[in-house]
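Reading through the structure tokens given below for one structure.
Protein chains: 2
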Amino acid sequence: MLSLTHDAVIHSKKNLEKKKQPTISDVAAIAGVTSMTVSRVLNRNGYVSEETREKVLRAIQESSYRRNGLARGLKRQRTDTIGLILGDIANPYAAELARAVRDVCSGKGYNLFICVSEHTAREDVAALSALADHCVDGIIVATRSNRAGDEQLLKLIESGMPVALVGRDFHHEQADWISADNFTGGFEATQHLIDLGHERIGFIGTSAASGSNLKRFQGYKAALEKNNLPFEERFVTGRAVADDDAPGYSTERLGYEAMKRLLVLPNRPTAVFARNDFTAIGAVSAIKEAGLQIPQDIAIVGFDDIPLTIHTAPPLTSVRQPTRRQGQIAAEFLLRRIEANEPLERKERVLECELIVRGSTVA
Amino acid sequence: MLSLTHDAVIHSKKNLEKKKQPTISDVAAIAGVTSMTVSRVLNRNGYVSEETREKVLRAIQESSYRRNGLARGLKRQRTDTIGLILGDIANPYAAELARAVRDVCSGKGYNLFICVSEHTAREDVAALSALADHCVDGIIVATRSNRAGDEQLLKLIESGMPVALVGRDFHHEQADWISADNFTGGFEATQHLIDLGHERIGFIGTSAASGSNLKRFQGYKAALEKNNLPFEERFVTGRAVADDDAPGYSTERLGYEAMKRLLVLPNRPTAVFARNDFTAIGAVSAIKEAGLQIPQDIAIVGFDDIPLTIHTAPPLTSVRQPTRRQGQIAAEFLLRRIEANEPLERKERVLECELIVRGSTVA
DNA sequence: ATTCGATGTGTTATCGCTAACACAGGATAA
DNA sequence: TTATCCTGTGTTAGCGATAACACATCGAAT
Chain S
1 MLSLTHDAVI HSKKNLEKKK QPTISDVAAI AGVTSMTVSR VLNRNGYVSE ETREKVLRAI
61 QESSYRRNGL ARGLKRQRTD TIGLILGDIA NPYAAELARA VRDVCSGKGY NLFICVSEHT
121 AREDVAALSA LADHCVDGII VATRSNRAGD EQLLKLIESG MPVALVGRDF HHEQADWISA
181 DNFTGGFEAT QHLIDLGHER IGFIGTSAAS GSNLKRFQGY KAALEKNNLP FEERFVTGRA
241 VADDDAPGYS TERLGYEAMK RLLVLPNRPT AVFARNDFTA IGAVSAIKEA GLQIPQDIAI
301 VGFDDIPLTI HTAPPLTSVR QPTRRQGQIA AEFLLRRIEA NEPLERKERV LECELIVRGS
361 TVA
Chain Z
364 MLSLTHDAVI HSKKNLEKKK QPTISDVAAI AGVTSMTVSR VLNRNGYVSE ETREKVLRAI
424 QESSYRRNGL ARGLKRQRTD TIGLILGDIA NPYAAELARA VRDVCSGKGY NLFICVSEHT
484 AREDVAALSA LADHCVDGII VATRSNRAGD EQLLKLIESG MPVALVGRDF HHEQADWISA
544 DNFTGGFEAT QHLIDLGHER IGFIGTSAAS GSNLKRFQGY KAALEKNNLP FEERFVTGRA
604 VADDDAPGYS TERLGYEAMK RLLVLPNRPT AVFARNDFTA IGAVSAIKEA GLQIPQDIAI
664 VGFDDIPLTI HTAPPLTSVR QPTRRQGQIA AEFLLRRIEA NEPLERKERV LECELIVRGS
724 TVA
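In order, the protein sequences belong to chains S and Z.
Everything in the first sequence is counted per my numbering, starting at 1 for the first residue and increasing by one.
Everything in the second sequence is counted per my numbering, starting at 364 for the first residue and increasing by one.
Next comes the structure, spelled out in structure tokens:
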């Protein structure tokens, strides 16, 4: 009696153990063929008689077989998977980019795995490594440049990994490069404000020091210069991104606080250009809180033209970048590189931005 | 001469070919040991003399070796990777969830791969398959329930894949389940409006028909009922999500259009509850456009309490859900399941929401 | 009748890595 | 002294799949 109980326990324990997945050979055994035939059915290549195919399909159903992508990838030396590294998935820009990449990829039979770096160098490296380790067929990198990440990226590219860069300040003979024309976008946003008669224009979203590698900021400076307006360092504000590992991305909060700093300046700006729309929205909030009118007292321009811009009060003037197009092109460049299966000449594409004028600059 | 040229071409072509990655054996050969020793160095297990370890590390550097995760995973029967499936990465909720999951995972040495379904059944299934094929150690599913996806999910769980569900209306003995208390959240949001004296309250973000499986909507109805207020179907509006494959997620646009429909109703609502903040923001936009005051003419409550809510005009009353906590718990449950390596009793956790009252309901 | 290509299936040999075991030499304990 | 453990390293055997090749069979073309 005791032993019976004990047996029952053992038995139940056994049933509880993690089921071993059936393999292609198990399926083959059930169907009464070899694993090679099953493989042919699964991959729809080679000759298989209709009769056999059905037997195999039934065996697959019966055993609820799932193929093992690791083994498959190991043997085939490809995984039909590409990786996408984003800095911050909360950004509609990133979401739109991912969507475009995914559409192209899944159209061509590739899976897409997304990794997020949260704009830190450590995670940037980790994401590159994770994807490379898993032998993805190629990687689209849409994070910002940082030293550790750039080193890792260099190694990967040199080792033959197909890579396409989106808006990252990193260049290599063997990696394609896609970006919006952030410089011109920044220039035009600023020129727009100048054309409206503004002479003291602030920039929100970077420190003057670390802004040197921010194209939007460069465009802002260039526009001032071209119009013979003085560049004033005190009009440039935002969290400094000196440390590579700081999550230096811009948020409403950042814009809000930066704007507050600008508002108390003597002879303060009459207009501001924010590095992106969330920052701009935060700034708008600070301006309203101070009891000032937009655009009468202070005009404001954002960047990215996120869907929300038309719902803010007033609607936000913003620079629209062709996000979807960037994702598409990046994916196309990458797939071309993957499918060529040998080094190709580098492709580069810079896409125009478009200023969308709304109520935050023109009443 | 001709043949020389030809040779040169061949040679250059050869150099152009995709470099073959060095394997563990190549490293072993350079270091003058066997691959097993290299493996021990790489994995920091087993005994290796300090001297040998250094030789191996040098050989790794020299050959710029990268380990092959496919082979490793195949042999070890685990990949130290978990998958996360999101419906829509543009949502701050999803971003926050992903961040929390990632923090827990990377703390325990797991990589995180994210897949996005765009709220379609097809992509839901595709994401599940892709992750399963790649033999991730477990999957966190944060997409909405749909027939095809549920079927796939069932198969996966039954085959022993560790799964944790976040906010998905799908239950299984072998899968952990985490959710915010959307029902009570919806109830309290509505009760809040009722307490303020509103008697005609609209719901934005679903059709009355398809709302039956939306907890927030159920909470809304329950609050009406409890207070003996009539439920009026004409006050419920939003895109219908009859088709599983329709990208039925809510956006500013959806909220904007839904609100417009509510505004023209005879004896229209004096308050609305929106299924999420973006929808609410769109609704706010429509209300303002109609020249009405918030909250005097129409009060509005959102859900999720995204960072933006404090920057809208007026700031948005919203139901905050503990997003970060959900992600953490989901990851912890999943890792526990993975590391137990055998079926465990199901864990379930429902987290309280909190109503944050702001200017969109109380002046 | 013979050759040939198309069709259908099986055999073999890896892909790159590591678990499990084997084994030798030296230190330690009995 | 002998048994025993700890170190350090090598050998073997797959993990689950498929590329490459081999080998039948059959009908059509020569």
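For every residue, glycine included, the Cβ atom is placed at its ideal position computed from N, Cα and C.
Which word fits residue i, buried or exposed, when buried means at least 16 other C-beta atoms lie within 10 angstroms of its C-beta?
i, result
"residue 584 (chain Z)", "buried"
"residue 47 (chain S)", "exposed"
"residue 399 (chain Z)", "exposed"
"residue 440 (chain Z)", "exposed"
"residue 123 (chain S)", "buried"
"residue 266 (chain S)", "exposed"
"residue 418 (chain Z)", "buried"
"residue 586 (chain Z)", "buried"
"residue 147 (chain S)", "exposed"
"residue 269 (chain S)", "buried"
"residue 364 (chain S)", "As displayed, chain S neither begins before 1 nor continues past 363, which places residue 364 (chain S) out of reach and without an answer."
"residue 20 (chain S)", "exposed"
"residue 171 (chain S)", "exposed"
"residue 323 (chain S)", "buried"
"residue 212 (chain S)", "exposed"
DSSP three-state call for residue i: helix, strand or coil?
i, result
"residue 672 (chain Z)", "helix"
"residue 606 (chain Z)", "Note that residue 606 (chain Z) has pLDDT 38, beneath the 50 cutoff, so the model's placement of it is unreliable and no number is given."
"residue 248 (chain S)", "Bear in mind that the predicted position of residue 248 (chain S) carries a pLDDT of just 40, short of 50, making it unreliable; the figure below should be weighed with that in mind. Three-state DSSP puts residue 248 (chain S) in coil, outside helix and strand."
"residue 475 (chain Z)", "strand"
"residue 193 (chain S)", "helix"
"residue 327 (chain S)", "helix"
"residue 720 (chain Z)", "coil"
"residue 117 (chain S)", "coil"
"residue 338 (chain S)", "helix"
Less than 7 angstroms between CB atoms is the rule here; does residue i satisfy it with respect to chain S?
i, result
"residue 338 (chain Z)", "Outside the displayed range of chain Z (364 to 726) lies residue 338 (chain Z), so it cannot be described from this structure."
"residue 645 (chain Z)", "yes"
"residue 351 (chain Z)", "The question about residue 351 (chain Z) has no answer, for chain Z in this structure spans 364 to 726."
"residue 567 (chain Z)", "no"
"residue 722 (chain Z)", "no"
"residue 385 (chain Z)", "no"
"residue 707 (chain Z)", "no"
"residue 455 (chain Z)", "yes"
"residue 571 (chain Z)", "no"
"residue 458 (chain Z)", "yes"
"residue 505 (chain Z)", "no"
Beta-carbon of residue i versus every beta-carbon of chain Z: anything under 7 angstroms?
i, result
"residue 113 (chain S)", "yes"
"residue 365 (chain S)", "Past the edges of chain S, shown from 1 to 363, lies residue 365 (chain S), and the structure says nothing about it."
"residue 314 (chain S)", "no"
"residue 274 (chain S)", "no"
"residue 285 (chain S)", "yes"
"residue 325 (chain S)", "no"
"residue 364 (chain S)", "No statement about residue 364 (chain S) is possible, as the shown extent of chain S runs from 1 to 363 and does not include it."
"residue 89 (chain S)", "yes"
"residue 130 (chain S)", "yes"
Note down, in chain order, every chain S residue with its Cβ under 8 angstroms from the Cβ of residue i.
i, result
"residue 632 (chain Z)", "Those within 8 angstroms of residue 632 (chain Z) in chain S number zero; the least Cβ separation is about 20 angstroms."
"residue 489 (chain Z)", "106, 111"
Taking residue i as the query, report the chain Z residues whose CB atoms sit under 9 angstroms from its CB, ordered along the chain.
i, result
"residue 118 (chain S)", "462, 465"
"residue 52 (chain S)", "Going along chain Z, no residue has its Cβ under 9 angstroms from residue 52 (chain S), so there is no contact; the nearest lies around 24 angstroms."
"residue 43 (chain S)", "Neighbours of residue 43 (chain S) on chain Z: none; closest Cβ ~13 angstroms, over 9 angstroms."
"residue 189 (chain S)", "Neighbours of residue 189 (chain S) on chain Z: none; closest Cβ ~21 angstroms, over 9 angstroms."
Name the chain Z residues whose beta carbon is nearer than 7 angstroms to that of residue i?
i, result
"residue 198 (chain S)", "In chain order: nothing, as chain Z lies at least about 23 angstroms away."
"residue 71 (chain S)", "437"
"residue 60 (chain S)", "None at all; the shortest Cβ gap to chain Z is about 12 angstroms."
"residue 67 (chain S)", "496"
"residue 148 (chain S)", "Correct list: empty, because the minimum Cβ distance to chain Z is about 16 angstroms."
Determine the chain Z residues that contact residue i at a beta-carbon separation under 8 angstroms, and present them in chain order.
i, result
"residue 311 (chain S)", "615, 619, 644, 645, 647, 648"
"residue 64 (chain S)", "518, 521, 522"
Strictly below 7 angstroms CB to CB, what residues from chain S border residue i?
i, result
"residue 418 (chain Z)", "Under the 7 angstroms cutoff, chain S gives no residues; its nearest Cβ is about 21 angstroms from residue 418 (chain Z)."
"residue 651 (chain Z)", "313"
**Minimum length 4: unbroken alpha helix (DSSP H) runs contained in the region 131-188 of chain S** = 147-158
**Request:** Would you list, in sequence order, the uninterrupted alpha helix (DSSP H) runs of no fewer than 4 residues that lie entirely inside the region 381-450 of chain Z?
**Result:** 387-394, 398-406, 413-426, 432-439
**Entirely enclosed beta strand (DSSP E) segments - the region 217-287 of chain S, minimum 3 residues** = As far as the region 217-287 of chain S is concerned, its whole beta strand (DSSP E) runs of at least 3 residues are 271-274.
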